[in-house]
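Asker:
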Amino acid sequence: MSRHRMLALAAPWVSCYGWADAYSPSLCVTILTLFGVICMNILTYYRSLVVFACFPCMNFLLTGPSAFATEIARQSDMVVRVWPGEPPEWDTPEKAEQDISTEDSRTVAGHPVIRLSNVRDVELHVFPATTESGKPSPVTVVICPGGAFNILAWDLEGLEVAKRFQEAGVNAAALKYRVPSRKMEPKWQPAVQDIQRSIAMIRAGKVTPNVPAHVGVLGFSAGGNAAFHAATAENRLYKAVDAADAEISPPDFAALIYPAWIVQDDRPDQFREQIEITAETPPMFLAHAENDKHQVFNSVTVFQRLHAVGVPAALHVFTGSGHGFGARIDGRADDLWPELCVRWMRDSGWLLLNNSDSQARTGDE
Numbered sequence: 003m004s005r006h007r008m009l010a011l012a013a014p015w016v017s018c019y020g021w022a023d024a025y026s027p028s029l030c031v032t033i034l035t036l037f038g039v040i041c042m043n044i045l046t047y048y049r050s051l052v053v054f055a056c057f058p059c060m061n062f063l064l065t066g067p068s069a070f071a072t073e074i075a076r077q078s079d080m081v082v083r084v085w086p087g088e089p090p091e092w093d094t095p096e097k098a099e100q101d102i103s104t105e106d107s108r109t110v111a112g113h114p115v116i117r118l119s120n121v122r123d124v125e126l127h128v129f130p131a132t133t134e135s136g137k138p139s140p141v142t143v144v145i146c147p148g149g150a151f152n153i154l155a156w157d158l159e160g161l162e163v164a165k166r167f168q169e170a171g172v173n174a175a176a177l178k179y180r181v182p183s184r185k186m187e188p189k190w191q192p193a194v195q196d197i198q199r200s201i202a203m204i205r206a207g208k209v210t211p212n213v214p215a216h217v218g219v220l221g222f223s224a225g226g227n228a229a230f231h232a233a234t235a236e237n238r239l240y241k242a243v244d245a246a247d248a249e250i251s252p253p254d255f256a257a258l259i260y261p262a263w264i265v266q267d268d269r270p271d272q273f274r275e276q277i278e279i280t281a282e283t284p285p286m287f288l289a290h291a292e293n294d295k296h297q298v299f300n301s302v303t304v305f306q307r308l309h310a311v312g313v314p315a316a317l318h319v320f321t322g323s324g325h326g327f328g329a330r331i332d333g334r335a336d337d338l339w340p341e342l343c344v345r346w347m348r349d350s351g352w353l354l355l356n357n358s359d360s361q362a363r364t365g366d367e
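Taking my numbering as reference, the numbering of the sequence shown is continuous, increasing by one, and the terminal residue is 367.
Given below as structure tokens:
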């Protein structure tokens, strides 16, 4: 590097720290160069320690989002196929499943997002959690990524969220549901079928040997729309395929994170579809940003309807977070929504503060 180039690079630092008042630019360059050499020697000497301490971040930055998500997926206890054979009839994609993200795709919290398309194999990626006494968690949540029913934000709103809830003591199962659903009407139907079947399998002991006392569904954006329909559905949307479907079992609760397409654009106090909220509707947790492109009334109106009939509900509205923030830490207030959701579960008595095991039951009961 030429001397003039080094001076140009050093100029902002010299000006910033006021060194130009006391030292010549040439001397400043010499000092900065020596400082850089010392730092490089230190990093080289302690390279093993640095690599070990920073492995998760380095793995993400150096190998890309797909490899990072694969690493998280390996931490799941198992992957369970949801349908024993072919799923209910739908417009099966002709192309193979793939991540369609590019270098120009939107990032979240400074990192890329895996966008899975052509998903035909419905799977639950299971992250089991335990109480402080080492017994299985009494709560399981099925996590549904968003993606406009066209793709799945698989790491941002799936695997990463499941891992975070597992660490908080909640069993989590990231659902890889079928997309796209371009020809289906309504578009949410395949996703709701996959949610209903997943909950039935969990309650039948086909996912984990210990059946949790409470099974809920958590969804983002389009996944939040599907979670809402699953929580309010009066009937199973597919024909029973085995003993797991012996009973119709709605979720015990639902968490809707910036849900989309629930209310009418021009009449945000009205639902888009004929959905009835009754006293039997499961409790719900809602989180949204006030500046979301999918208006905040998708959550506010749901909360108001629940409150009107006495169904327990919690609503959190964040400032300036936009749409699609997932559960990544970005230094904003919305970073806290997973902890708020877990606290809500505890306040509801499903996940006790002392990690009591009294709420858990086994499949033999």
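C-beta atoms are modelled at their ideal positions from N, C-alpha and C, and glycine is treated no differently.
To the nearest angstrom, how far is the alpha carbon of E105 from that of W85?
Answerer: One-based indexing of the sequence shown puts residue 105 at position 103. One-based indexing of the sequence shown puts residue 85 at position 83. So the alpha carbons of these two residues sit roughly 34 Å apart.
Asker: If you draw a straight line from the alpha carbon of W352 to that of K97, how long is it in whole angstroms?
Answerer: Within the sequence shown, numbered from 1, the residue matching residue 352 stands at position 350. Within the sequence shown, numbered from 1, the residue matching residue 97 stands at position 95. When rounded, the distance between both Cα atoms is 42 Å.
Asker: For H216, which option in A206, F222, G225 and L258 has the closest C-alpha, if you only look at C-alpha atoms?
Answerer: Within the sequence shown, the letter at position 214 stands for residue 216. Closest by alpha carbon: A206.
Asker: From H231, A170 and T94, pick the residue whose C-alpha is nearest to that of N152; which is it?
Answerer: Within the sequence shown, the letter at position 150 stands for residue 152. Selected option, being the one with the closest Cα: T94.
Asker: Please say whether V81 and E134 have beta carbons closer to each other than 8 Å?
Answerer: Translated into positions along the sequence shown, residue 134 becomes position 132. Translated into positions along the sequence shown, residue 81 becomes position 79. For E134 and V81, no; Cβs fall outside 8 Å.
Asker: Select from R166, V313, F255 and P182 the residue whose C-alpha is nearest the C-alpha of L338.
Answerer: The residue labelled residue 338 in the question sits at position 336 within the sequence shown. Answer by Cα proximity: R166.
Asker: Under a three-way DSSP split, which group does N293 fall into?
Answerer: Within the sequence shown, the letter at position 291 stands for residue 293. Of the three classes helix, strand and coil, the one that applies to N293 here is coil, per DSSP.
Asker: What's the C-alpha gap between H290 and G149?
Answerer: Within the sequence shown, residue 290 is the residue found at index 288, counting from 1. Within the sequence shown, residue 149 is the residue found at index 147, counting from 1. H290 and G149: Cα-Cα distance of roughly 16 Å.
Asker: Might you give, ordered along the chain, the residues of its own chain that have their beta carbon closer than 6 Å to the beta carbon of I250, omitting 5 neighbours on each side?
Answerer: What you label residue 250 is simply residue 248 of the sequence shown in a count that begins at 1. Same-chain partners within the cutoff: R238.
Asker: Determine the direct distance from the alpha carbon of S103 to that of H113, and round the result to whole angstroms.
Answerer: On the sequence shown, position 111 is the one that residue 113 refers to. On the sequence shown, position 101 is the one that residue 103 refers to. H113 and S103: Cα-Cα distance of roughly 12 Å.
Asker: In terms of residue numbering, what span does the beta strand (DSSP E) encompassing G221 cover?
Answerer: Within the sequence shown, numbered from 1, the residue matching residue 221 stands at position 219. That run of the beta strand (DSSP E) goes H216 to F222.
Asker: Since A315 is in the beta strand (DSSP E), which residue starts that stretch and which ends it?
Answerer: On the sequence shown, position 313 is the one that residue 315 refers to. Note, A315: beta strand (DSSP E), A315 to F320.
Asker: Does the Cβ-Cβ distance between L384 and I145 come in under 8 Å?
Answerer: Absent from the structure is residue 384, since the part of the chain shown begins at 3 and ends at 367.
Asker: With the cut-off set at 8 Å, would you say G218 and A242 are in Cβ contact?
Answerer: Residue numbering aside, residue 218 sits at position 216 when the sequence shown is read from its first letter. Residue numbering aside, residue 242 sits at position 240 when the sequence shown is read from its first letter. No, these two residues do not count as a Cβ contact at 8 Å.
Asker: Near N293, which residues of its chain fall below 8 Å by C-beta distance, leaving aside the five closest residues on each side in sequence?
Answerer: Working through the sequence shown from its first residue, we reach residue 293 at position 291. T321, G322, S323 and G324.
Asker: Given a cut-off of 8 Å, decide if P340 and A170 are closer than it, judged by their beta-carbon atoms.
Answerer: One-based indexing of the sequence shown puts residue 170 at position 168. One-based indexing of the sequence shown puts residue 340 at position 338. Yes; because the gap between Cβ atoms is below 8 Å, this pair is in contact.
Asker: With distances taken Cα to Cα, identify the nearest neighbour of Q276 among T132, P284 and Q266.
Answerer: One-based indexing of the sequence shown puts residue 276 at position 274. Cα-wise, what sits closest to Q276 is Q266.
Asker: How about P182 and S107: are their beta carbons less than 8 Å apart?
Answerer: For the purposes of this step, residue 182 is taken as the residue at position 180 of the sequence shown. For the purposes of this step, residue 107 is taken as the residue at position 105 of the sequence shown. No, the Cβ-Cβ distance between P182 and S107 is not below 8 Å.
Asker: Is DSSP giving T303 helix, strand or coil here?
Answerer: Here the question's residue 303 lines up with position 301 in the sequence shown. Helix, per DSSP.
Asker: Quick one: residues in its chain with C-beta nearer than 8 Å to the C-beta of D336, no 5 flanking neighbours on either side, listed in chain order?
Answerer: Translated into positions along the sequence shown, residue 336 becomes position 334. If we look at D336 and ignore the five residues flanking it on each side, its Cβ neighbours are A289, A291, F320, S323 and F327.
Asker: Taking the continuous alpha helix (DSSP H) assigned at F273, which residues delimit it?
Answerer: Counting from one through the sequence shown, the residue named residue 273 turns up at place 271. Unbroken run through F273: none, as it is neither H nor E.
Asker: R269: which of Y240, Q297, V194 and P147 sits nearest, CA to CA?
Answerer: Along the sequence shown, one-based indexing puts residue 269 at 267. Considering only alpha carbons, the answer is Q297.
Asker: Tell me the residue span of the alpha helix (DSSP H) that contains R348.
Answerer: Position 346 of the sequence shown, counting from 1, holds the residue named residue 348. Start and end: W339 to D349.
Asker: Straight-line CA distance for A315 to K208?
Answerer: Residue 315 sits at position 313 when you count from the first residue of the sequence shown. Residue 208 sits at position 206 when you count from the first residue of the sequence shown. So the alpha carbons of these two residues sit roughly 30 Å apart.
Asker: Helix, strand or coil for W352 per DSSP?
Answerer: In the sequence shown, residue 352 corresponds to position 350, counting from 1. Correct three-state label for W352: coil.
Asker: With a floor of 4 residues, list each alpha helix (DSSP H) that falls wholly inside the segment 150 to 218, ordered by position along the chain.
Answerer: Here the runs fully enclosed are 162 to 169 and 191 to 205.
Asker: Here's the rule I'm using: 16 or more other beta-carbon atoms within 10 Å means buried, otherwise exposed. How should K189 be labelled?
Answerer: Residue mapping note: residue 189 aligns to position 187 of the sequence shown, counting from 1. Counting Cβ neighbours within 10 Å, K189 comes out buried, since at least 16 surround it.
Asker: Note the first and the last residue of the continuous beta strand (DSSP E) segment covering V128.
Answerer: Walking along the sequence shown from the start, residue 128 turns up at place 126. Here the beta strand (DSSP E) through V128 covers E125 to F129.
Asker: With G250 as the anchor, note down where its beta strand (DSSP E) starts and where it stops.
Answerer: Translated into positions along the sequence shown, residue 250 becomes position 248. Going by the sequence as given, residue 250 is Ile instead of Gly. From DSSP, I250 is part of no beta strand (DSSP E); its letter is neither H nor E.
Asker: With 16 other CB atoms within 10 Å as the buried threshold, where does R199 fall?
Answerer: In the sequence shown, residue 199 corresponds to position 197, counting from 1. R199 comes out buried.
Asker: So V163 packs on P214, CB below 8 Å; how close in whole Å?
Answerer: Residue mapping note: residue 163 aligns to position 161 of the sequence shown, counting from 1. Residue mapping note: residue 214 aligns to position 212 of the sequence shown, counting from 1. 18 Å between Cβ atoms; not a contact.
Asker: Distance check for E236 and P58, CA to CA, integer angstroms please.
Answerer: Locating residue 58 in the sequence shown gives position 56, where the first residue counts as 1. Locating residue 236 in the sequence shown gives position 234, where the first residue counts as 1. Low confidence applies here, because P58 scores a pLDDT of 40, under 50, leaving its location unreliable; read the following figure in that light. In a straight line, the C-alpha of P58 is about 44 Å away from that of E236.
Asker: My understanding is that A202 touches D247, with C-beta atoms under 8 Å, so please give their C-beta distance in whole angstroms.
Answerer: Position 200 of the sequence shown, counted from the first residue, corresponds to residue 202. Position 245 of the sequence shown, counted from the first residue, corresponds to residue 247. That pair is a contact at about 5 Å.
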